[in-house]
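Please read the structure below before turning to the comments.
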Amino acid sequence: MDFISLIERKRERFEQLEREIADPRLFDNRKRASEIMREHGSVKQLLARWDELEAARKQLDDNRELATSRDVEIAAMADDEIPDLQKRVVDLECEFQIALLPPDENEERDAIVEIRAGTGGSEAAIFAADLYRMYNRYAESAGLRTEDLESSPSELGGLKEVIFRVSGESVFRKLRYESGVHRVQRVPATEAQGRIHTSTATVAVLPEAEDVDLELKPEELRIEVSRAGGPGGQGVNTTDSAVQVLHIPTGTIVRCQDGRSQIKNKERALSILRARLLERKQREEAEKYSAQRRGQIGTGGREEKIRTYNFPQNRVTDHRIGLTLYNLDRVVDGDLGELIKALQAADVAERIGGAMEGAAPSAP
């Protein structure tokens, strides 16, 4: 691959993008402006990685030359620095290859997380509640913010369903790999014989849609209000605060009743609806224009079993990358860093392999 020609084209494109950003009329079209700003940041990062790589390569070449100097002291100092410089070049080459990958417009978005109890009855609902707490604790430790949108509690402190928003820096990039079926193996508190039960819960992580992503036409929506059901007290149960939104073209239904305010519940329902419709749109486009990747990381489909939490052995296994850790107690307390980094690394390696397939890179 001719990196020199590529970089020249990217520099020309960067100058063009700079001119477009300087045009005060750019933001007359919010969607176009968002695309331009996103591409500008991506190209800027790529060029910065290339400049760092070139500087590191030059420094490595200079040190190799100095290592042959007749001045023994200078040669020894230069030689000592070579291993660190070699490692820096390798690291920067990897970062440059990552920057070459097509940008994913979803990575910087906030996320809407939906957790639903699967097979296993009340134990599945308790596990869903455990996952909800796990993600909230992770968000807190990562400096992210959470906002509950809707929930359906069960007996014994479980959750049949819970939907919440996670906002902050690069949220979807961090949580995107959590979509799928999570399986738990443990002895339920209600099990008198001490037998291990297996239960499941499904997790869907959706990139939060912006207004510019898609238009919700009023004539395509059927909005109904009613009194909320379940626990909540007088303020919830005696006012018409529950809101149900039907998107007529797709048949998608969203209901929100947790909040006391009808307006707030409507805003939450529309936010969830936009996220679901954006996911549907992007999935259909991927299937239409290209075969979906089905490699190590998988598709992130809700039907895909991705992880097992084995409490008797304090073990957590991610089946997509074959990673097993014996720190389940920390994981369920929100320590997801090692899992997330491993999944990100595997995904990047797979994407680089796909991008470079059939074209061996050559040094400039």
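Counting in the working numbering, the sequence shown runs from 11 upward without gaps.
Glycine is no exception: its CB is placed at the ideal position from the N, C-alpha and C atoms.
Being a predicted model, the structure only gives us computed values, none of them experimental.
Along the length of the region 244-283, whole beta strand (DSSP E) runs at least 3 residues long occupy 252-257, 262-266, reported in chain order.
For Glu165, the CB contacts under 7 Å within the same chain, skipping 5 residues up- and downstream, are Ser132 in chain order. The beta strand (DSSP E) runs lying completely inside the region 106-144 and spanning 3 residues or more are 121-127, given in chain order. Every beta strand (DSSP E) of 3 residues or more that sits fully in the region 143-201 is shown, in chain order, as 155-163, 169-177, 190-196. From the listed residues Ala85, Leu110, Ala86, Asn146, the smallest Cα separation to Asp343 is found for Asn146. Secondary structure within the region 37-117: the alpha helix (DSSP H) runs of 4 or more consecutive residues, fully enclosed, are 40-76, 82-110 (chain order).
Within its own chain, the residues whose Cβ lies closer than 7 Å to the Cβ of Arg59, once the five positions on either side in sequence are excluded, are Leu102, Glu105, Phe106, Ala109, listed in chain order.
Taking the Cα of Ile125 as reference, the smallest distance to any Cα among Asn39, Arg119, Arg143, Asn275 is reached at Arg143. When beta bridges are read from the DSSP output, Leu333 appears opposite Asp328. Taking all protein chains shown into account, Asn275 has 16 or more neighbouring C-beta atoms within 10 Å of its C-beta and is therefore buried. Note that the C-beta distance between Val215 and Arg186 is below 7 Å.
In the DSSP assignment, Lys315 falls outside any alpha helix (DSSP H) and lies within the beta strand (DSSP E) extending over 315-320.
Look at Leu231 here: in three-state DSSP terms it is strand. Excluding sequence positions up to five before and after Asp339, its CB lies within less than 7 Å of the CB of Asn324, all in the same chain and listed in chain order.
Each residue's CA atom was taken as its position, placing Leu287 and Ser151 some 30 Å apart. Burial is judged here by how many other beta carbons sit within 10 angstroms of a residue's own beta carbon; Arg175 has at least 16 and is buried. DSSP places Val342 outside both helix and strand once states are collapsed to three, so it counts as coil. Judged by DSSP secondary structure, Leu224 falls outside any beta strand (DSSP E); it is assigned neither H nor E.
Around Phe321, the same chain offers Arg196 as residues with beta carbons nearer than 6 Å, after the five sequence neighbours per side are excluded.
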